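Engineer: Take this structure, written in structure tokens, and hold onto it; I'll ask about it next.
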Amino acid sequence: MGARGRHRRRRRGRALRAALAGAALGLTAAATMISASQATVGSDPGALKPLTSASELGKSELRENLEPQRSLDRLTTAMGRPVGVDTVLKSADHTLRDAADCTTDEKAALPVEPAATRAYCWDSGDAADPAWTPRSVTTSGDADEDGWWGSNRVILSGWSANSRGLAKVAFVNAGDPTRLTYTWALLAVPTEGGRDYRGLVSKISGMVWYQDKLLVTTGSGTRDALYVYDMNRIQRATVTASAVGRVREGWSAAGYRYVLPAVGSYRLTGDSSATGPVGLSLDRSTVPDSLVASGGKRLWRYPFSRDPARPGLLATDSAGLAVPEEAYATKVSGVGGVLSYGSAWYLGGAAGEQSGHGSLWRQDAKDARATECGADETHQCWSAGTGSLSYWQETGEVWSVSGRMLFALPLTSIDRSLG
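Taken in order, the sequence shown gives residues -29 to -1, 1 to 390; the numbers are from mature numbering (1 follows the signal peptide of the UniProt record, and there is no 0).
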């Protein structure tokens, strides 16, 4: 991209930041009312413990398995030319509701302190659908350091079906902060050498969009720790039916308009008791950029490949293994969301029994500090769930999901709230 295009985007970014600063939501009062009862301070988890032994690192090695090019081409030939993110966004047929239009129950999932500066809930149909649960978030701020994907600002939110074993992604057009619209794409896995596909049957728990790839964690219960999707290979479904895959009339994606077939996966090489990644996020403060992951009470960092022929994929050795360059043990309970920036790791902890809210800890090699809930100095004042964390470096915002809420707040406000 030329310098002129970059400068235009920087000016747009500055204008957007100014607009957001002037139009920040008045959510602090609502959060204060929600925080009527807070749990007592949890135990201090202390500093992170580096894990350096070969056996520990070996448990978290990931073997890369890429779908053969001929299989991907066969599927594309059968389904038709893929569409881009821009086409998906232009067909958005749902609108997120602004926080002012969300119910009290929906807003109860928001963090108490620090308060969200932007918050939205899904349209009434999706918000009331008990069959699906939002679990993860990533943005075009992960995909490209200038925060744009082509001419669009985008938020992706991963949802899992609670019983059927399917996963889908909301493509959110975030160009206008006052009116976010979205539509759906089903996540799938090619079968029969690209002659068909099935739904991604595992529940997703984290996702990162880096360059043209979307990396998705499948949580526990599967050895395929990460699935990889290509944002240039979004396919149109040709049949509106509940089936997934090839049907007599064409191609179906459980009733959704678009489907993303996986282009590869990363499989744990350790023993069957090894815990795979659950939370994911991108860290642009490292060289090269890195993928950070949480699972159980372990944290890992995997560098991304610098090979121009491998955009968006992890760095691998001659044996095709992605080896973590850092690993840590943490004593934070119930880690879900994870974010790393500089030397600090931000970890979303389990919800408390009394308040239903979780904790947000910042840990490093020296100590741990948590966000505090005002004068009472309790720690369980983060969101009700331990949803994923995504740092949009260009705007300085951290995005997350909790309950039926999608929200953002400045990373600086998190740091100021640390006890």
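Built from N, CA and C at the ideal position, the CB exists for glycine as well. These numbers were taken from a predicted model, which means no experiment stands behind them.
1. Smallest Cα separation from A49: which of S304, V187, R150, R217?
2. Within 10 angstroms of its Cβ, does N144 collect 16 or more other Cβ (buried), or is it exposed?
3. Assign Q40 to one of two classes, buried (16 or more other C-beta atoms within 10 Å of its C-beta) or exposed (fewer than that).
4. Could you give the first and the last residue of the continuous beta strand (DSSP E) run that contains L262?
5. Shortest alpha-carbon distance to Q364 belongs to which of E296, A355, T257, A233?
6. Does the count of Cβ pairs from the region 47 to 63 and the region 172 to 179 closer than 8 angstroms reach three?
7. Residue range of the beta strand (DSSP E) that I126 falls in?
8. Once DSSP output is grouped into helix, strand and coil, what is the label at L377?
9. Check this for me: beta carbons of L360 and G308, under 7 angstroms apart or not?
10. Report the rounded CA-to-CA distance for D201 versus K184, giving the unit in angstroms.
11. Go ahead and label G17 buried or exposed: buried means 16 or more other beta carbons lie within 10 angstroms of its beta carbon, across all protein chains shown.
12. Report all residues from its chain with a CB closer than 7 angstroms to the CB of G29; omit the five preceding and five following residues, and keep chain order.
13. Got a sec, what are the start and stop residues for the beta strand (DSSP E) A138 sits in?
14. Should the region 86 to 93 be regarded as contacting the region 257 to 277, the criterion being three or more beta carbon pairs within less than 8 angstroms?
15. Report all residues from its chain with a CB closer than 8 angstroms to the CB of A80; omit the five preceding and five following residues, and keep chain order.
16. Just how far apart, CA to CA, sit D97 and T109?
17. Can you tell me whether DSSP reads L43 as helix, strand or coil?
18. Please classify K21 as buried or exposed, where buried requires at least 16 neighbouring CB atoms within 10 angstroms.
19. State the DSSP-derived secondary structure class of V12, mapped to helix, strand or coil.
20. Would you report the Cα separation of R272 and W103, rounded to the nearest angstrom?
21. Which residues in the same chain as A214 place their Cβ atom closer than 8 angstroms to its Cβ, once the five residues preceding and following it in sequence are excluded?
22. With DSSP run on the structure shown, which of helix, strand or coil describes A290?
23. Helix, strand or coil: which one does DSSP assign to R255?
24. Output the boundary residues of the beta strand (DSSP E) element that contains R272.
25. Could you give the distance in angstroms between the alpha-carbon of H350 and the alpha-carbon of G121?
26. Could I get the ranges of all uninterrupted beta strand (DSSP E) runs contained in the region 169 to 242, with 3 residues as the minimum, in chain order?
27. In angstroms, rounded to a whole number, what distance separates the CA positions of D386 and A341?
28. Considering Cα atoms alone, identify which of Y229, G305, D100, S384 is closest to L270.
29. Expressed to the nearest angstrom, what Euclidean distance is found between the alpha-carbon atoms of A300 and R333?
30. Per DSSP, what kind of secondary structure is L67 in: helix, strand or coil?
31. Run the CB neighbour count on S95, radius 10 Å, all protein chains shown included, and call it buried at 16 or more, exposed below.
32. Return the chain-ordered list of same chain residues with a C-beta closer than 8 angstroms to the C-beta of G358, the five sequence neighbours on each side being excluded.
33. So, are the CB atoms of S31 and P295 less than 7 angstroms apart?
34. Determine the direct distance from the alpha carbon of T366 to that of S388, and round the result to whole angstroms.
35. Evaluate D113 with the Cβ neighbour count: other Cβ atoms within 10 Å of its Cβ, from every protein chain shown; 16 or more gives buried, anything less gives exposed.
36. Can you tell me the Cα-Cα spacing of A7 and S14, whole angstroms?
Structural biologist: With the structure as the only source:
1. Residue R217 is the option with its Cα nearest to A49.
2. Classification for N144: buried.
3. Counting the other Cβ atoms within 10 Å of the Cβ of Q40 gives fewer than 16, which makes it exposed.
4. Boundaries of the beta strand (DSSP E) around L262: 261 to 266.
5. If we check each option's Cα against that of Q364, T257 comes out closest.
6. The count of Cβ pairs closer than 8 angstroms, one atom from the region 47 to 63 and one from the region 172 to 179, stays below three, leaving the stretches out of contact.
7. Looking at the DSSP string, the run of the beta strand (DSSP E) that includes I126 is 125 to 132.
8. The answer is strand: DSSP assigns L377 an E or B state.
9. Cβ atoms of L360 and G308: closer than 7 angstroms.
10. Distance between D201 and K184, taken at the CA atoms: about 5 angstroms.
11. When all chains shown are included, G17 counts as exposed.
12. Here the set comprises G241.
13. For A138, the enclosing beta strand (DSSP E) covers residues 138 to 144.
14. Counting C-beta pairs with one atom in each stretch, the region 86 to 93 and the region 257 to 277 have fewer than three that are closer than 8 angstroms, which means they do not touch.
15. S354, A355, G356, S373, G374, R375, M376.
16. Each residue's CA atom was taken as its position, placing D97 and T109 some 19 angstroms apart.
17. In the structure shown, L43 sits in a helix (DSSP, three-state: H, G or I).
18. With the sequence shown as reference, residue 21 is identified as Pro, and Lys is not the correct amino acid for it. It counts as exposed.
19. Any answer about V12 is weak, because its pLDDT of 40 lies below 50 and its placement is not dependable; what the coordinates show is given next. Three-state result, V12: coil.
20. Rounded to the nearest angstrom, the gap between the Cα atoms of R272 and W103 is 30 angstroms.
21. Cβ neighbours of A214 beyond the five flanking positions: S223, A225.
22. Taken through DSSP and simplified to helix, strand or coil, A290 comes out as coil.
23. Note: R255 maps to coil in three-state DSSP.
24. 269 to 274 is the span of the beta strand (DSSP E), which, as asked, contains R272.
25. Each residue's alpha carbon lies about 40 angstroms from the other.
26. As summarised for the region 169 to 242, the continuous beta strand (DSSP E) elements at least 3 residues long and confined to that stretch are 177 to 181, 184 to 188, 195 to 201, 215 to 218, 221 to 224, 229 to 239, given in chain order.
27. Our two residues, D386 and A341, have alpha carbons roughly 9 angstroms apart in a direct line.
28. Nearest to L270 by alpha-carbon distance, out of Y229, G305, D100, S384, is G305.
29. C-alpha separation (whole angstroms): 14 angstroms.
30. In the three-state reduction of the DSSP assignment, L67 falls in the coil class.
31. Looking at its Cβ environment, which holds fewer than 16 other Cβ atoms inside 10 Å, S95 is exposed.
32. Taken in chain order, the residues that qualify are P105, R106, S107, V108, G307, G308, G319, S371, V372, S373.
33. Taking a C-beta distance under 7 angstroms as the contact criterion, S31 and P295 qualify as a contact pair.
34. Distance between the alpha carbons of S388 and T366: 19 angstroms.
35. Of the residues assessed, D113 falls on the buried side of the cut-off, its CB having 16 or more other CB atoms within 10 angstroms.
36. Since pLDDT at A7 reaches only 37, below the 50 mark, its modelled position is unreliable, and the value read off the structure follows with that caveat. The straight-line gap from Cα to Cα measures roughly 22 angstroms.
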